[in-house]
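Data first, discussion second: the structure below is written as structure tokens.
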Amino acid sequence: MEAYFASLNPMDLLGRFPSGIAQGLIWGVMALGVYITFRLLDIADLSVDGTFSTGAAVTVMLILAGWNPWAALLIAFVAGLIAGSVTGLLHTVFGIPAILAGILTQYGLYSINLVIMQMKANQAVSVDKYSLIISGRSVPTAILVGGIFAVALIIILYLFFGTELGSAIRATGCNQQMAKAQGININVMKVLGLALSNGIVAVAGGLAAQYSGFADVNSGRGSIVIGLAAVIIGEVLGEAILHKKLNFFGRLIFVIVGGIIYYLVYTLVLWLKIDSNLMKLFTAIIVAIFLAVPYLKGQAKSSFGRAGKNSRLEGK
Amino acid sequence: MLEVKNISKTFNPGTINEKKALRGVSLTLNDGDFVTVIGGNGAGKSTLLNAIAGVWPVDTGSITIDGQNVTGLPDYRRASLIGRVFQDPMTGTAATMQIDENLALARRRGSRRGLRWGVTAAERDEYREQLKILNLGLEDRLTAKVGLLSGGQRQALTLLMATLQKPKLLLLDEHTAALDPKTAEKVLNATEKIIDRDHLTALMITHNMKDAITHGNRLIMMHEGNIIYDVSGEEKKNLTVSQLLDKFEEVSGSEFANDKMMLGI
Chain X
177 MEAYFASLNP MDLLGRFPSG IAQGLIWGVM ALGVYITFRL LDIADLSVDG TFSTGAAVTV
237 MLILAGWNPW AALLIAFVAG LIAGSVTGLL HTVFGIPAIL AGILTQYGLY SINLVIMQMK
297 ANQAVSVDKY SLIISGRSVP TAILVGGIFA VALIIILYLF FGTELGSAIR ATGCNQQMAK
357 AQGININVMK VLGLALSNGI VAVAGGLAAQ YSGFADVNSG RGSIVIGLAA VIIGEVLGEA
417 ILHKKLNFFG RLIFVIVGGI IYYLVYTLVL WLKIDSNLMK LFTAIIVAIF LAVPYLKGQA
477 KSSFGRAGKN SRLEGK
Chain F
-12 MLEVKNISKT FNPGTINEKK ALRGVSLTLN DGDFVTVIGG NGAGKSTLLN AIAGVWPVDT
48 GSITIDGQNV TGLPDYRRAS LIGRVFQDPM TGTAATMQID ENLALARRRG SRRGLRWGVT
108 AAERDEYREQ LKILNLGLED RLTAKVGLLS GGQRQALTLL MATLQKPKLL LLDEHTAALD
168 PKTAEKVLNA TEKIIDRDHL TALMITHNMK DAITHGNRLI MMHEGNIIYD VSGEEKKNLT
228 VSQLLDKFEE VSGSEFANDK MMLGI
């Protein structure tokens, strides 16, 4: 035990934080994509696990083929849009429940991602040979670039969801009957929202691949859970700090903050020399707790248990 | 304005739950008609309104609004012609969106939604004026989330949304049934005021016989998926609740035993 604590170096932890922040920003961008479907459209979209890897695969393969990294990222975005549309069409046109539609897309994408990566599970892209947008080799630049991406995306999303089209998507997520009565084609809105969400996730995948210097067919596994973790951590924190002043812009910012916090915790876990494979269980438990708390709070206010107790007390 | 020709609708055909909800209903509304619809539970009142709104396709017959055959169009494509207020106050508004955002969504009913602003400053001024008509103080709460409003306030807002973009036809499906009597009266008065002001053509379902007689220029009674009584003009004005009950027994040929309608007396 003593030996274990002696092996932990606080300075080492501090040294790891910057790279944690950089990667947190990238996962925060991914979480913004999840936020669109989970909070605005009220759909838990599982396709993101596949599209994150798709974004990574497309970006890396195009860069290896000599493309400009920015152009490669743009194509990754388009690939994400298409994948999200597939989920949307499976759900709206073919009537498959949204969760199942997402699972089908994600499952199919595994093969597609392998094809994109020429049947290799891992493709390296070296920052020495290519001028990557972002790289783990230079963490300060990575934080700057990640930060710019995050801020730009927050502004774009904030403006977009204030437009007629964005409002129509929000109305669809909030009340489908109302949306239809206002002449909104809710199927089109769902497909649009899913496409946009997956496009953003694919871009995050492309950034993550450049940061780590490789694309891995499994890199997207668990994206939805990590995304949800970031969204929920951000919300809890935002509401705790700003209370009712937390507006839409603030919510978007706190999604990014949630991503960063998640990654810093991840960094801490690694520093504690806990097997990183256990992080999945850890994340699942955190997300489950945060999803359960609002429900349990509501239950605590009006529960049969409490009513029964009150009735017994009144009798005395 | 509205021409419904011989429409029928059977739910769950061929199953044990088969229900012939509409059996060849025909109805013509003239421009400016305000028609109240009464009838017992399962008479087909809501089904008729849903058929006109396009919630699902009808089995037979045609529906024409303002000269346009809409029989083959789903609800969201008929929305440019129709304003709707539902029985459940939660149905007509988006709870997580602001009052002005809800109104702006309604303002754009029937027009293409692009990348222009969802709500403009000029609109907000207009909405403030419109909200004053409701007399509920909502004009000062433009940026409040609709979820914070009471059922009556939400229903009044839905009414305003349904009429903001003057509809060719206003469909009111027992829109005061879920409200307390005082609020119900307020909402009903606002309804009457707006229909009068904009000369709207409207269909209003109600369980309250007195309301059905007091409001509108025409009254129809439904029974087992058919319109069994249709009265307008002087004859309607002179109707009494007991006459209406007698009429129901006479035309339907059955003993009138619907407690919900009785309560409306």
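Chain order of the listed sequences is X and F. So the mapping is simple: this note's numbering equals the position in the first sequence, first residue as 1, plus 176. Mapping the second sequence onto this note's numbering, position 213 (from 1) lands on 200, and the numbers just tick up by one. Note that the Cβ used here is the ideal one computed from N, Cα and C, for glycine as well.
Neighbours of F:Trp104 in chain X, taken as residues at a C-beta separation under 8 Å, are given in chain order as Gly338, Thr339 and Glu340. X:Gly278 is positioned such that its CB atom lies no closer than 7 Å to that of X:Leu341.
For the options F:Val57, F:Met196 and F:Val45, the alpha carbon positioned closest to that of F:Leu(-11) is the one of F:Val57.
In the DSSP assignment, F:Tyr216 forms a beta bridge with F:Met208. For F:Asp62, the neighbours in chain X by C-beta distance under 8 Å run, in chain order, Lys356 and Ala357. Straight-line measurement puts the Cα of F:Gln230 at about 33 Å from the Cα of F:Thr150. Our two residues, F:Lys197 and X:Lys485, have alpha carbons roughly 46 Å apart in a direct line. Rounded to the nearest angstrom, the gap between the Cα atoms of F:Tyr63 and X:Gln358 is 7 Å. For a Cβ distance threshold of 9 Å, residue set Lys356, Ala357, Gln358, Gly359 and Ile360 of chain X lies close to F:Ala66, ordered along the chain. Shown here, F:Gln85 sits in a strand according to DSSP, grouped into three states. For F:Gly134, not one C-beta of chain X is nearer than 7 Å to its own C-beta. The C-beta distance from X:Gly260 to X:Thr227 rounds to 7 Å, short enough to meet the 8 Å contact threshold. In this structure, the alpha-carbon of X:Leu208 lies about 7 Å from that of X:Leu428. Counted as a single uninterrupted DSSP element, the alpha helix (DSSP H) harbouring F:Lys169 occupies residues Pro168 to Asp185.
Where F:Leu68 is concerned, there is no enclosing beta strand (DSSP E), because DSSP gives it neither an H nor an E.
If you draw a 10 Å sphere on the C-beta of F:Asn(-7), you find fewer than 16 other C-beta atoms in it, and that means exposed. The three-state reading of DSSP puts F:Asp112 in helix, counting H, G and I together. If only complete runs of 3 or more residues are kept, the segment 116 to 172 of chain F shows the beta strand (DSSP E) at 156 to 160, in order along the chain. F:Asp87 has its alpha-carbon roughly 47 Å from the corresponding atom of X:Ser314. Within the segment 402 to 479 of chain X, the runs of alpha helix (DSSP H) at least 4 residues long that lie entirely inside it are, in chain order, 424 to 447 and 455 to 477. Take X:Pro245, set aside five residues on each side of it, and the residues of its chain with a beta-carbon closer than 6 Å to its own are Ile239, Leu308 and Ile309, in chain order. In this structure X:Tyr438 touches X:Ala405 by the C-beta definition: roughly 5 Å separates them, less than 8 Å.
Between the alpha carbons of F:Gly134 and X:Ala318 lies a gap of roughly 42 Å.
Taking the beta carbon of F:Thr178 as reference, no residue of chain X falls within 9 Å; the closest one sits roughly 17 Å away. Using a Cβ distance threshold of 7 Å, X:Phe425 and X:Tyr334 count as a contacting pair. Contact of X:Ala344 with chain F is assigned, a C-beta pair being separated by under 7 Å. Counting every other CB atom within 10 Å of its CB across the protein chains shown gives F:His186 a total below 16, marking it as exposed.
Cβ atoms of F:Leu206 and F:Val218 come within 8 Å of each other, at about 5 Å.
If you draw a straight line from the Cα of X:Ala232 to the Cα of X:Gly375, it comes to about 12 Å. Inclusion of F:Ala143 and F:Val106 in the CB contact set at 7 Å is not warranted, their separation being larger than that value. A direct Cα-to-Cα measurement between X:Met187 and X:Leu383 gives close to 28 Å. Straight-line spacing of the CA atoms in X:Gly271 and X:Gly369 works out to 17 Å. Ranked by Cα distance from X:Ala252, the options X:Ile417, X:Leu372 and X:Leu413 are led by X:Leu372. Non-local C-beta neighbours of F:Met208 in its own chain, meaning closer than 6 Å and more than five positions away in sequence, comprise Ile25, Gly26, Ile215 and Tyr216, ordered along the chain.
Look at the beta carbons and you see the segment 475 to 484 of chain X not touching the segment 7 to 23 of chain F: under three pairs across the two are nearer than 8 Å. When the five nearest sequence neighbours on each side are left out, the beta carbons in the same chain lying within less than 7 Å of the beta carbon of X:Val401 are those of Thr459, Ala460 and Val463, in order along the chain.
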